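Worksheet: one structure, shown below.
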Amino acid sequence: TKANIGVVGLAVMGSNLARNLASREGNTVAVFNRSYEKTETLTSEHPEAGFIPATTYAEFAESLTTPRTAIIMVQAGRGTDAVIDELTKVFEPGDIIVDGGNALFTDTIRREKAVRETGINFVGAGISGGEEGALNGPSIMPGGSAEAWETLGPILKSIAAVAEGEPCVTHVGTDGAGHFVKMIHNGIEYADMQLIAEAYDLIRRGTNKSPAEIADIFAEWNKGELESYLIEITAEVLRQVDAETGNPLVDVILDQAGAKGTGAWTVQTALDLGIPVSGIAEAVFARSLSSKPAQRAASSDLPGPSEAWTVNDPDGFVEDVRRALYASKIIAYSQGFDEIVAGAEQYGWDIKKGDIAKIWRGGCIIRAQFLNRITEAYDENPGLVALLTAPYFREALEGTQEAWRRVVIAAAQGGIPSPAFSSSLAYYDGLRADRLPAALIQGQRDFFGAHTYKRVDRDGTFHTLWSGDRSEIEAVASH
Ligand code: 6PG
Numbered sequence: 024t025k026a027n028i029g030v031v032g033l034a035v036m037g038s039n040l041a042r043n044l045a046s047r048e049g050n051t052v053a054v055f056n057r058s059y060e061k062t063e064t065l066t067s068e069h070p071e072a073g074f075i076p077a078t079t080y081a082e083f084a085e086s087l088t089t090p091r092t093a094i095i096m097v098q099a100g101r102g103t104d105a106v107i108d109e110l111t112k113v114f115e116p117g118d119i120i121v122d123g124g125n126a127l128f129t130d131t132i133r134r135e136k137a138v139r140e141t142g143i144n145f146v147g148a149g150i151s152g153g154e155e156g157a158l159n160g161p162s163i164m165p166g167g168s169a170e171a172w173e174t175l176g177p178i179l180k181s182i183a184a185v186a187e188g189e190p191c192v193t194h195v196g197t198d199g200a201g202h203f204v205k206m207i208h209n210g211i212e213y214a215d216m217q218l219i220a221e222a223y224d225l226i227r228r229g230t231n232k233s234p235a236e237i238a239d240i241f242a243e244w245n246k247g248e249l250e251s252y253l254i255e256i257t258a259e260v261l262r263q264v265d266a267e268t269g270n271p272l273v274d275v276i277l278d279q280a281g282a283k284g285t286g287a288w289t290v291q292t293a294l295d296l297g298i299p300v301s302g303i304a305e306a307v308f309a310r311s312l313s314s315k316p317a318q319r320a321a322s323s324d325l326p327g328p329s330e331a332w333t334v335n336d337p338d339g340f341v342e343d344v345r346r347a348l349y350a351s352k353i354i355a356y357s358q359g360f361d362e363i364v365a366g367a368e369q370y371g372w373d374i375k376k377g378d379i380a381k382i383w384r385g386g387c388i389i390r391a392q393f394l395n396r397i398t399e400a401y402d403e404n405p406g407l408v409a410l411l412t413a414p415y416f417r418e419a420l421e422g423t424q425e426a427w428r429r430v431v432i433a434a435a436q437g438g439i440p441s442p443a444f445s446s447s448l449a450y451y452d453g454l455r456a457d458r459l460p461a462a463l464i465q466g467q468r469d470f471f472g473a474h475t476y477k478r479v480d481r482d483g484t485f486h487t488l489w490s491g492d493r494s495e496i497e498a499v500a501s502h
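Have a look at this one:
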């Protein structure tokens, strides 16, 4: 027998995805890994999967029915290019190569173009949900051609997570659209995690509750509008006790956050697109700051607030923090969706925002109850300019914004860093503002560089003769 789908790269994610595929009715799965050892381990540990192991790329191609479909699950970067090279040698026009790694979307655009020349389809597919998701049902964000989606769609639907009866996969758009949306997913993931971390820190330092007590608070929050995978696992992490010392594990873990780059990509891309994703950016920078031990050590005796910070009403404060978290979370998602809109426009993708919210409802790391509200908002109004202004979110902000302000004030007074809470609030107030001091910036720019400005009361482009008689002249816009 031949396989209808193959997996290349059998580290944890690849192995789990292969097992997931094999467990679905109608699939036979070919597997290949650069070193055969991993292939052997997988096939011998999972005889029930009925894998067809291959020792060479040629054998791998031979074991697949046409059009051949293979999912690459290797570390993003040069390894991916090497595998694509090998597969294009043994595949034929009409076959489909899927990159399921966390590739940078511009790499995917480049690869799709190059592979298309050979007549082979190339699909960059973001896959979210970690090891567990890969095995039991991830959220999948495929790009590539509509033709490839026809073959691939049913296979991906069979292994994806299911939310509200619908598989968490959709054809996001052409070429790099899938990896672009996965990148935004990860940016939101960073923001979500940072916001949760700030909430924990404020509660702990403000109320002196223990990690286990705070775990209970998060577990409680998980029953309400904040219900989400990340809140759920936060409770578990906070409850964990270190076997060696008997202390809460969170106090034993070195406080320097790692990052593999997808959060930074989201921000770099946003800068290029001119989209303010300040909450996501602060989350990325907060990880960078944490990982600068020399600067932190050198700064540790810098002056802080003169008075010790106390919270008079711990329960009220906890509720304020919950609301601040919800409000800031709305901002992070709203910023992420703004970046999707801008990316779609820049790269010519037809991305349906409502569909993205739908496929994030299950399987992925940022899955949350609240994504149903986003889906509804875009269903009701596909052209919604700012998520924040949808009736549900407007109401949510109305119910949270005062608590949010109290929390940011308390954090500043207490000297507790809350970059994501406070930058989200600043973003919110910036959007709301009738007038922004950007007018002054335009004046400064015109003063030192004759960059010109526009007026509120009539059309045209103007320059003030700052070094002359300060009269205003009509100017041709400079670029
Ligand atoms: C997912 C995750 C995953 C990502 C990790 C690591 O959607 O399953 O986003 O793809 O690789 O979360 O990210 P960092 O190491 O950068 O935190």
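The sequence shown maps to residues 24 to 502 in the working numbering. Every residue gets a Cβ at the ideal spot worked out from N, C-alpha and C, and that includes glycine. Everything numeric in this text was worked out from a predicted model, so none of it was measured.
Taking C-beta to C-beta, are A419 and G302 nearer than 7 Å? no
Measuring from the CB of N27, is there a heavy atom of the ligand 6PG at a distance below 6 Å? no
Bridge partners - H486, DSSP secondary structure assignment: Per DSSP, I496.
Inter-residue Cα distance where the pair is G124 and F416: About 33 Å.
Would you kindly report the start and end of the unbroken alpha helix (DSSP H) that includes T111? R101 to V113
Would you call the stretch 371 to 385 and the stretch 180 to 200 in contact, with 3 or more CB pairs under 8 Å? yes
Spatial neighbours of R228 in its chain, beta-carbon cut-off 6 Å, leaving aside the 5 residues before and after: I439
What alpha helix (DSSP H) runs, 4 residues minimum, are completely inside the stretch 180 to 267? 200 to 230, 234 to 244 and 252 to 262
Beta carbon of S441, beta carbon of A434: below 7 Å? yes
Distance, Cα to Cα, P460 vs Q467? Between P460 and Q467, the C-alpha separation is close to 11 Å.
Other residues of its chain near I298: CB distance less than 7 Å, five sequence neighbours each side excluded: Once the five neighbours on either side are set aside, the close Cβ partners of I298 are D361, E362 and A365.
Which residue or residues does DSSP assign as beta-bridge partners of N144? I119
Using only CA atoms, which one of A157, Y349, W383 and T487 lies nearest to N39? Ranking the options by Cα distance to N39, first place goes to A157.
So, are the CB atoms of Y80 and V113 less than 7 Å apart? Taking C-beta atoms as the reference points, Y80 and V113 count as a pair closer than 7 Å.
Is any heavy atom of the ligand 6PG found at a distance shorter than 6 Å from the C-beta of G359? no
Could you check if I388 belongs to the surroundings of the ligand 6PG, using beta carbon to heavy atom distance under 6 Å? Yes, the Cβ of I388 comes within 6 Å of a heavy atom of the ligand 6PG.
Report whether the distance from the Cβ of N125 to the nearest heavy atom of the ligand 6PG is below 6 Å. yes
Quick one: what does DSSP say S162 is sitting in, helix, strand or coil? strand
Quick one: is the Cβ of K381 within less than 6 Å of any heavy atom of the ligand 6PG? no
May I ask whether a heavy atom of the ligand 6PG can be found less than 6 Å away from the beta carbon of G153? yes
From A77, E68 and W383, residue whose alpha carbon lies closest to that of V30: A77
With 16 as the cutoff for other CB atoms within 10 Å, does T88 come out buried or exposed? exposed
If the criterion is Cβ atoms closer than 7 Å, does the pair S313 and A280 meet it? A contact, by the Cβ cut-off of 7 Å.
Which word fits E305, buried or exposed, when buried means at least 16 other C-beta atoms lie within 10 angstroms of its C-beta? Result: buried.
Bridge partners - A26, DSSP secondary structure assignment: L87
State yes or no: is the C-beta of D343 within less than 7 Å of the C-beta of R429? yes
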